[in-house]
Amino acid sequence: MSNKVILKVSNCKYTQKIDFVVGKNEVTMIVGPNGSGKTTFLKLVAGIIGMPCSILFYDEEISNLEVSKRVKKGIIYVPSERSIFPELTVKENLRIGLSFIKNKIRKEENLKLIYSIFPNLKERENQVAGTLSGGERKMLSIAMGLSFSPKLILFDEPTFGLSPKLISSVYNSIGKLKEHGISIVIAEQSVSPIFEYGGMIDRIYLINEHKFTFSGSLDDIKNIEDIKKLYFGI
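Here the working numbering is used: the first residue of the sequence shown is 11, the next is one more, and so on.
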């Protein structure tokens, strides 16, 4: 966890004990029970909601920037619900994010990158998104986040409601995003991804009652009992 810090959130109710930091090309996971504040925190970083705090992104204070300006700087929020346009084709959905890239060559290169990570979407690029399977729609929502050419993607419970097979596919895709130099934050309600996909996770935060209670690596969390103690003090 020695990578350059690209995001630091401090001086807010979430960070009373622990500042939140993300390193360049790191996968950071936030784990907490339902209602613990995970979604609100991601929306705070994305600029969808506001509260008094300091948010540094590549050493620039962005807490007063609106959502669109944060998107242009490379921060993308992917909500837990499938954020696609069902009446549009797969390619038309992707073109929405690609429209933020003004350079035509970069735009086409990014589309090629998306299709290299999600080859099934390439095969279905002319298919109406609403006719895709549930797993394919989830992959499309992740791919749409990538279409903006982000530096940091915030995934809000990307595996919610998915089968174990699809969960594995989602994390495999996230691993490929990391390989391409994208920093990632994943919010999950379940603790199981920590142990099943811990090899790709660089930093873990536990959150409860809108406060971070723990920050560390997978090695710092030995078992479920440790998590219970950190969450609930039992």
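All C-beta atoms, glycine included, are put in the ideal place defined by N, C-alpha and C.
Could you pull the DSSP bridge partners for residue i from this structure?
| i | result |
| --- | --- |
| Y207 | Y207 pairs with nothing; no bridge assigned. |
| Y215 | I40, S225 |
| I16 | For I16, which the question treats as bridged, DSSP gives no partner whatsoever. |
| F273 | Outside the displayed span of the chain (11 to 244) sits residue 273, for which this structure offers no information. |
| G33 | V15 |
Do residue j and residue i come within 8 angstroms of each other at the CB atom, strictly closer than that value?
| i | j | result |
| --- | --- | --- |
| M149 | N130 | yes |
| V55 | E198 | no |
| I6 | V37 | Examination of residue 6 is not possible in this model, given that the chain is present from 11 through 244 alone. |
| K161 | I58 | no |
| I28 | S225 | yes |
| G107 | S157 | yes |
| R213 | S202 | no |
| M39 | I211 | yes |
| E97 | V31 | no |
| L1 | K18 | Nothing in the structure corresponds to residue 1, since the chain is present only between 11 and 244. |
| F222 | Y68 | no |
| L52 | L164 | yes |
| E70 | S64 | no |
| D166 | P43 | no |
| I6 | I204 | Since the first residue shown for the chain is 11 and the last is 244, residue 6 is missing from the structure and cannot be characterised. |
| S159 | I127 | no |
| N35 | G209 | no |
| T99 | E135 | yes |
What is the DSSP secondary structure of residue i, reduced to helix, strand or coil?
| i | result |
| --- | --- |
| I28 | coil |
| G155 | helix |
| I244 | Note on I244: pLDDT 46, under 50, position unreliable in the model; the coordinate value appears next. Residue state, collapsed to three classes: coil. |
Contact criterion: CB-CB distance below 8 angstroms. Does residue i meet it with respect to chain B?
| i | result |
| --- | --- |
| K27 | As a matter of chain content, chain B is missing from the structure shown, which is built from one protein chain. |
Does at least one heavy atom of the ligand ZN sit under 7 angstroms from the Cβ of residue i?
| i | result |
| --- | --- |
| G191 | With respect to small molecules bound, the structure shown includes none, and the ligand ZN cannot be examined in it. |
Could you tell me which whole beta strand (DSSP E) segments of length 3 or greater appear in the stretch 110-147? none
Going along the chain, which unbroken runs of the beta strand (DSSP E) with 3 or more residues stay wholly within the stretch 39-116? 64-67, 85-88
For the stretch 130-148 against the stretch 174-185, do three or more pairs of beta-carbon atoms, one drawn from each stretch, fall closer than 8 angstroms, so that the two count as touching? yes
Suppose only complete runs of 3+ residues qualify. What are the beta strand (DSSP E) ranges in the stretch 173-203, listed by chain order? 193-198
If contact is defined by three or more beta carbon pairs under 8 angstroms, each pair taking one atom from either stretch, is the stretch 42-61 in contact with the stretch 114-126? no
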